[in-house]
Amino acid sequence: MNALQRDERARDAGLLFLRVSGGLFLLWVHGLPKLLDFSAQLQLIEDPFHLGSHLTLMLAIFAEVVCPLLIVAGVLARLACVPILFVLLVALLVVHPQWSVAEGQFGWLLLILFATVFIAGPGRLALNVRLPGVLRYA
Numbered sequence: 039m040n041a042l043q044r045d046e047r048a049r050d051a052g053l054l055f056l057r058v059s060g061g062l063f064l065l066w067v068h069g070l071p072k073l074l075d076f077s078a079q080l081q082l083i084e085d086p087f088h089l090g091s092h093l094t095l096m097l098a099i100f101a102e103v104v105c106p107l108l109i110v111a112g113v114l115a116r117l118a119c120v121p122i123l124f125v126l127l128v129a130l131l132v133v134h135p136q137w138s139v140a141e142g143q144f145g146w147l148l149l150i151l152f153a154t155v156f157i158a159g160p161g162r163l164a165l166n167v168r169l170p171g172v173l174r175y176a
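When we follow the numbering used here, the leftmost residue of the sequence shown carries the number 39, and every step to the right adds one.
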């Protein structure tokens, strides 16, 4: 194994770690509480686009439960990052514009993490490598 192969393996292992740790963290901290306590979350969720709290919560659950699971598996990972990035940007720039960088640091770190997965893709240690055609790169 030459240095280039070691670098590629390390990159793929790093992307796997980033996908799995970031996806499970978002799922555990934000997604599951919304899913498991749906009725209470309906009273708490912000509705910046006036879609109604029910639809807003359903979209947040999609972004914070379904999308992280796709990212962890490495299936349509880039596409699954888009709703997460949207929710994070809305939270940081629309819902909580008064937050300093220090107050919103968790959100900004998640934004950096999922933007990295969006840019770099899931790596070769992902299920999408088995998908045909353009789906392999989504």
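Here a beta-carbon is modelled for each residue, glycine too, at the ideal position from N, C-alpha and C.
So for residue i, helix, strand or coil by DSSP?
| i | result |
| --- | --- |
| residue 166 | helix |
| residue 114 | coil |
| residue 143 | helix |
| residue 161 | coil |
| residue 135 | coil |
With residue i and residue j assumed to form a contact (beta carbons below 8 Å), what rounded beta-carbon distance in angstroms separates them?
| i | j | result |
| --- | --- | --- |
| residue 156 | residue 123 | 7 Å |
| residue 95 | residue 117 | At roughly 22 Å, the Cβ-Cβ gap does not stay under 8 Å, so residue 95 and residue 117 are not in contact. |
| residue 133 | residue 84 | 5 Å |
| residue 106 | residue 69 | 6 Å |
| residue 110 | residue 62 | 6 Å |
Counting C-beta neighbours from all protein chains within 10 Å, is the total for residue i 16 or more, i.e. buried, or is it exposed?
| i | result |
| --- | --- |
| residue 127 | exposed |
| residue 67 | exposed |
| residue 44 | exposed |
Please go through the same chain and pick out, in chain order, the residues whose beta-carbon is closer than 7 Å to the beta-carbon of residue i, but skip the five residues on each side of it.
| i | result |
| --- | --- |
| residue 73 | 99 and 103 |
| residue 113 | 165 and 166 |
| residue 35 | In the structure as shown, the chain begins at 39 and stops at 176. Residue 35 is therefore absent and cannot be evaluated. |
| residue 247 | Residue 247 is absent from the structure shown; the chain starts at 39 and stops at 176. |
Please list, in chain order, all residues of the same chain as residue i whose beta carbon is under 6 Å from its beta carbon, the five residues on each side excluded.
| i | result |
| --- | --- |
| residue 46 | none |
Whole runs of the alpha helix (DSSP H) within the stretch 40 to 108, excluding any shorter than 4 residues: 41 to 64, 70 to 74, 76 to 82 and 91 to 99
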